[in-house]
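The next block holds one structure in the form of C-alpha coordinates; read it before the comments.
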Amino acid sequence: MPDGGRIHFVRTAAGTGYSDAVYRHTATPTEYYGAVISYVGGKWKPKLRDGRIMYFADCEGCSSRPAALREYYDRLGNKLTLTRDVVAT
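The sequence shown begins at 16 in the numbering used here and counts up one residue at a time.
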(Lines of atoms letter the chains of each structure in order from A and count residues from 1; the text may use other names and numbers.)
(Lines give C-alpha, C1' and ligand atoms only; values in the text may rest on other atoms or scores of the structure.)
Protein backbone atom coordinates (compact mmCIF):
# COMPACT_ATOMS: atom_id res chain seq x y z
CA MET A 1 0.00 0.00 0.00
CA PRO A 2 1.29 3.49 -0.71
CA ASP A 3 1.05 4.42 2.98
CA GLY A 4 2.76 1.21 4.13
CA GLY A 5 -0.53 -0.33 5.25
CA ARG A 6 -1.43 -3.96 4.73
CA ILE A 7 -4.50 -5.82 3.56
CA HIS A 8 -5.20 -9.08 5.40
CA PHE A 9 -6.39 -12.08 3.37
CA VAL A 10 -7.80 -15.22 5.00
CA ARG A 11 -7.22 -18.65 3.52
CA THR A 12 -10.49 -20.09 2.21
CA ALA A 13 -9.24 -23.25 0.48
CA ALA A 14 -8.52 -26.53 2.22
CA GLY A 15 -4.93 -27.71 2.28
CA THR A 16 -1.68 -26.51 3.72
CA GLY A 17 0.52 -25.68 0.74
CA TYR A 18 0.80 -22.54 -1.31
CA SER A 19 0.11 -24.19 -4.69
CA ASP A 20 -3.49 -25.00 -3.69
CA ALA A 21 -4.04 -21.86 -1.65
CA VAL A 22 -6.89 -19.42 -2.15
CA TYR A 23 -7.19 -16.33 0.06
CA ARG A 24 -9.99 -13.76 0.28
CA HIS A 25 -10.17 -10.29 1.83
CA THR A 26 -13.39 -9.32 3.63
CA ALA A 27 -12.13 -7.31 6.60
CA THR A 28 -12.20 -3.73 5.30
CA PRO A 29 -14.51 -1.75 2.98
CA THR A 30 -11.72 -0.87 0.54
CA GLU A 31 -11.15 -1.55 -3.14
CA TYR A 32 -9.69 -4.88 -1.99
CA TYR A 33 -12.92 -6.07 -0.34
CA GLY A 34 -13.82 -9.41 -1.94
CA ALA A 35 -10.47 -9.73 -3.70
CA VAL A 36 -9.08 -13.24 -4.09
CA ILE A 37 -5.43 -14.31 -4.20
CA SER A 38 -4.40 -17.64 -5.70
CA TYR A 39 -1.17 -19.25 -6.89
CA VAL A 40 -1.17 -19.77 -10.67
CA GLY A 41 1.72 -20.92 -12.86
CA GLY A 42 4.43 -20.03 -10.37
CA LYS A 43 3.01 -16.56 -9.70
CA TRP A 44 0.67 -15.07 -7.11
CA LYS A 45 -2.54 -13.74 -8.69
CA PRO A 46 -4.63 -11.19 -6.81
CA LYS A 47 -7.95 -10.56 -8.58
CA LEU A 48 -10.09 -7.64 -7.48
CA ARG A 49 -13.89 -7.57 -7.67
CA ASP A 50 -13.82 -5.00 -10.47
CA GLY A 51 -11.83 -7.41 -12.67
CA ARG A 52 -8.34 -6.02 -12.21
CA ILE A 53 -5.69 -8.75 -12.02
CA MET A 54 -2.06 -8.59 -10.94
CA TYR A 55 0.67 -11.22 -11.09
CA PHE A 56 3.54 -11.18 -8.62
CA ALA A 57 6.71 -13.24 -8.99
CA ASP A 58 7.14 -16.15 -6.63
CA CYS A 59 9.72 -15.29 -4.02
CA GLU A 60 10.44 -18.68 -2.47
CA GLY A 61 13.77 -18.51 -0.69
CA CYS A 62 14.13 -14.75 -1.18
CA SER A 63 15.58 -12.81 1.68
CA SER A 64 16.60 -9.48 0.19
CA ARG A 65 13.67 -8.52 -2.07
CA PRO A 66 9.89 -8.74 -1.98
CA ALA A 67 7.85 -10.58 -4.59
CA ALA A 68 7.82 -8.14 -7.49
CA LEU A 69 4.85 -7.16 -9.65
CA ARG A 70 5.24 -8.74 -13.12
CA GLU A 71 1.94 -8.13 -14.90
CA TYR A 72 -1.13 -5.95 -14.44
CA TYR A 73 -4.45 -6.24 -16.27
CA ASP A 74 -7.06 -3.53 -15.98
CA ARG A 75 -10.76 -4.38 -15.81
CA LEU A 76 -10.97 -4.24 -19.63
CA GLY A 77 -8.15 -6.77 -20.07
CA ASN A 78 -5.45 -4.31 -21.12
CA LYS A 79 -2.08 -5.70 -20.07
CA LEU A 80 0.98 -3.97 -18.63
CA THR A 81 4.13 -6.11 -18.36
CA LEU A 82 7.01 -5.12 -16.09
CA THR A 83 10.41 -6.48 -17.13
CA ARG A 84 12.93 -6.41 -14.32
CA ASP A 85 16.67 -6.93 -14.04
CA VAL A 86 18.09 -9.90 -12.11
CA VAL A 87 17.80 -8.14 -8.75
CA ALA A 88 14.18 -7.08 -9.39
CA THR A 89 14.76 -3.38 -8.89
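Beta carbons are placed, not taken as given, at the ideal position from N, Cα and C, and that holds for glycine.
Looking at the structure shown, is residue i part of a helix, part of a strand, or coil, going by DSSP?
i	result
Tyr47	coil
Pro17	coil
Ile68	strand
Leu91	coil
Ile22	coil
Arg39	strand
Leu84	strand
Tyr33	coil
So, residue i versus residue j, is the Cβ gap smaller than 8 Å?
i	j	result
Ile52	Lys60	yes
Ile108	Tyr47	Beyond the ends of the chain as shown, which are 16 and 104, falls residue 108; an answer cannot be given.
Name the DSSP beta bridge partners of residue i, please?
i	result
Thr96	Glu86
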